[in-house]
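Chains A and B are the protein sequences, given in the same order. The first sequence lines up with residues 218 to 737 when you count with my numbering. The second sequence lines up with residues -12 to 112 when you count with my numbering. No residue lacks a Cβ here, since even glycine has one placed at the ideal position from N, Cα and C. Data block below; observations after.
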Amino acid sequence: MSIQQEKIKELVERRASARMGGGQKRIDAQHQKGKLTARERLAMLLDEGSFEEFDMFVQHRCTNFGMEKTKFDGDGVVTGMGTIDGRLVYVSAQDFTVSGGSMSETMAMKISKVMDMAVRNGAPFIGINDSGGARIQEGICSLAGYGEIFERNILASGVVPQISGIFGPCAGGAVYSPALTDFTVMIKDTSYMFLTGPGVVKTVTGESVTQEELGGASVHATKSGVAHFAADSEEDGIRTIRDLLSFLPSNNREEAPFVQTNDPAGRVDDALNDIIPDNPNKAYDMYQVIGSIVDDGRFLEVHKSWAKNIIIGFAHMNGRSVGIVANQPKILAGVLDINASRKAARFVRFCDAFNIPLVTLVDVPGFLCGTQQEYGGIITNGAKLLYAYGEATVPKVTVTLRKSYGGAHITMSCKQLRGDINYAWPSANIAVMGAEGAVEILYSKEIKAIADPEEQAKAAQERKNEYNDLFCNPYNAASYGYIDDVIEPRNTRFRVIRALEQLAGKKQQNPWKKHDNLPL
Amino acid sequence: MNGFMLLQASQTVAEKSADMLEKDPHGAIISLVSVTVVFTALVILYFAYTFIGKISSGQFRLPERKKKPKTAKGSPDAEIAAAIAMALDQEMNGEVYAAIGMAMHQYLNDTVHDMESYIITIRRK
């Protein structure tokens, strides 16, 4: 064997050794927990044969506590580039088989490198987390590593899409990297995120909770809103990431990929003409409307189980990627509360940052009232959504289906917040408030002055009818030009698509500023 | 008991089969009978479904019988009723009937629609 062949043999052997991570025993242990290894996850995530690994031979530099004796090629993270549906992405996957995936200075360096490459080359970054937290033996160097990653998360925000997969533990300061990214996918039963674990919680607050109760996927997907998607398995989680990317552009200067569709733009759905119940207090399912107007009824919902009174997600319309924001009359009558406002605001800002047009379907009776909401800051949180719509410069098409009252009307992409095309169904009521409340305020004294209860009810009804005739229709708003057109419900898909095609060339810029000061 | 009856029945069938084999060794008669039965059934079904189809699509109407104006025989108001009927007939001419018919058709068939072109003419960049 020549010297060159010997050297090539060494390379092959070192690669094989690095690919084994922390060794077969730890790989088996990972499998026994129902989890895949970092490399297995990347193999599933990326197009076959597309992965190129970087920094495979990087080793940690720590010599404290005998760490110099335990070194692994590649350390506790696998990084590199690959493609998803032929589009370039940069990836990192923490390897739990190497020191529990704990974050070392060199691991952070590897992750930072691919993040820099993602920003430089305008490609999405996907980070899969499965780590016990900071590598305690490295002390401040480990924390510095986290800091380097967080800073890159911040700088990449709004430049390239960033997606976090939580496929195992993610605790302590480590949770802030996913929190800074655009989307977080968690796996039910095998992943959890919290600042401090159940042990510390018990010591500090005396509260007894399990890991799942404290920071499991179901908790973060339904209660805190930290997780955007809760997947049933790692395979499901990876499929979700791939699906999600199909709706997103690679960076903030590109448009989302066009997806060929056989669903005709002029498809009408007669069922929409009958979807609004005659009784204004009766609910209907907004998912039916969304499913009816988007291409092939395909809708990728974000935050499916959190703040369900508002629906957000991605779909295609005539092949173009759109962000859908819709009030859900079936939950809390579609009212805007703190969580719904936060949920929609972040989504609107994401779509605006990545050139994804917004389609807003409005049926909102107002903001939720009460001490709980006021003490929780509904004013500031509601303002987030208002702000997000107001600053957004992407095409904004709004369809008012039924109620659109008061401040919530303004918030939900009204004309004055630079809504580009605002349509209304004939069933729309665009007013300061509903007839009931308005009559109570306007004619309270007059009605109470009537002694006979029957006459009183009759007078109240007359006033309500008068109010309804005047304001509870789309034509009053349309008479001022605040609604561009009143459309037949069954034509909604066609009209929205035509509006989006019309707005495809839209260019709008906000005044120069260092950055905005949105009400956080 | 049941087993016995079954045995008897099969003997009867066997006998009949042997008889048939004797009378129609090549199966020509049984084939002809089978084909006739099937085609007769198909023809009956064709007429039955055609008839049902016409009824459900409203194409089938019973032949109109000439209705004699109902007048109460011997009633003193018969002439007045006939006069009113004639006046109504004159007033409600064909156009009125057509308008009412159209409105009813649109209402019942839900054909009141805000028609669009359903064509996107904007060229994609």
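If you check the beta carbons only, do residue i and residue j fall under 9 Å apart?
i        : j        : result
Ala543/A : Ser509/A : no
Asp184/A : Arg712/A : Examination of residue 184/A is not possible in this model, given that chain A is present from 218 through 737 alone.
Leu462/A : Ile380/A : yes
Val308/A : Val336/A : no
Val275/A : Asp264/A : no
Ser374/A : Glu472/A : no
Asp406/A : Gly389/A : no
Thr296/A : Gly238/A : no
Asn639/A : Ile714/A : no
Ser578/A : Val552/A : Looking at the sequence provided, one finds Leu at residue 578/A rather than Ser. Taking 9 Å as the Cβ cut-off, Leu578/A and Val552/A do not qualify as a contacting pair.
Gln678/A : Lys665/A : no
Ala255/A : Asp290/A : no
Pro691/A : Pro643/A : yes
Glu653/A : Lys681/A : yes
Tyr606/A : Leu634/A : yes
Ala676/A : Ala641/A : no
Phe271/A : Leu259/A : no
Met403/A : Gly364/A : no
Could you check if residue i is buried or exposed, using at least 16 other CB atoms within 10 Å of its CB as the buried criterion?
i          : result
Ile573/A   : buried
Glu322/A   : buried
Lys55/B    : Caution applies to Lys55/B, whose pLDDT of 46 falls short of 50 and renders its modelled position unreliable; the value that the coordinates give is listed next. Lys55/B should be labelled exposed.
Met(-12)/B : Residue placement at Met(-12)/B cannot be trusted, given a pLDDT of 41 that sits under 50; the coordinates are not used to answer.
Ala655/A   : buried
Arg470/A   : exposed
Trp729/A   : exposed
Ala59/B    : Residue placement at Ala59/B is flagged as unreliable, the pLDDT there being 40, under the threshold of 50; the coordinate-derived value follows with that caveat. The residue is exposed, with fewer than 16 neighbouring Cβ atoms inside 10 Å.
Lys57/B    : Because the pLDDT of Lys57/B is 44, which lies under 50, any placement of that residue in the model is unreliable, and the number read from its coordinates should be weighed accordingly. Burial call: exposed.
Asn281/A   : exposed
Pro670/A   : exposed
Ile658/A   : exposed
Ile493/A   : buried
Glu355/A   : buried
Ser467/A   : buried
His520/A   : buried
Met144/B   : Outside the modelled stretch of chain B, which goes from -12 to 112, sits residue 144/B, for which no answer is possible.
Asn370/A   : buried
Thr401/A   : buried
Gln545/A   : buried
Arg110/B   : exposed
Lys620/A   : buried
Val649/A   : exposed
Met218/A   : exposed
Phe38/B    : exposed
Glu451/A   : buried
Lys327/A   : buried
Val30/B    : exposed
Met91/B    : exposed
Val0/B     : exposed
Leu19/B    : exposed
Pro395/A   : buried
Assuming residue i contacts residue j (C-beta within less than 8 Å), just tell me the rounded distance between them.
i        : j        : result
Asn535/A : Asp512/A : 7 Å
Val581/A : His533/A : Contact doesn't hold; Cβ gap of about 25 Å is too wide.
Phe384/A : Ser408/A : 6 Å
His437/A : Ala444/A : 4 Å
Ala561/A : Ile527/A : 5 Å
Lys601/A : Arg559/A : 6 Å
Asn498/A : Pro706/A : About 20 Å; that fails the 8 Å criterion.
Gln386/A : Gly349/A : The question names Gln, but residue 386/A is Pro in the sequence shown. Indeed, because the Cβ distance is near 6 Å, the residues count as touching under 8 Å.
Ile627/A : Gly594/A : Not really, about 19 Å apart at Cβ, beyond 8 Å.
Glu718/A : Ile107/B : 6 Å
Val506/A : Leu575/A : The Cβ separation is near 16 Å, so there is no contact.
Ala310/A : Val294/A : 7 Å
Which ranges would you report for the beta strand (DSSP E) in the stretch 365 to 451 of chain A if only whole runs of at least 3 residues count?
379 to 383, 386 to 388, 400 to 404, 409 to 411 and 446 to 448
Near-chain B residues of the stretch 709 to 728 of chain A - C-beta to any C-beta below 7 Å
Phe711, Ile714, Arg715, Glu718, Gln719, Ala721 and Gly722
Can you give me, in chain order, the residues of the stretch 329 to 353 of chain A that have a beta carbon less than 8 Å from any beta carbon in chain B?
none
Name, going along the chain, the residues of the stretch 461 to 483 of chain A whose beta-carbon falls closer than 9 Å to a beta-carbon of chain B.
Phe475, Pro481, Ala482 and Gly483
Curious, which full-length alpha helix (DSSP H) runs of at least 4 residues does the stretch 466 to 544 of chain A contain?
503 to 510
Which ranges would you report for the beta strand (DSSP E) in the stretch 559 to 644 of chain A if only whole runs of at least 3 residues count?
575 to 581, 613 to 622 and 638 to 641
Below 7 Å between beta carbons is the criterion; list the residues of the stretch 97 to 108 of chain B that meet it against any residue of chain A, in chain order.
His100, Asp101, Glu103, Tyr105, Ile106 and Ile107
Please go through the stretch 309 to 367 of chain A and give each complete beta strand (DSSP E) segment of 3 or more residues, from N-terminal end onward.
342 to 346
Against chain C: residues of the stretch 650 to 663 of chain A by CB proximity under 8 Å
No chain C appears in this structure, whose protein chains are A and B.
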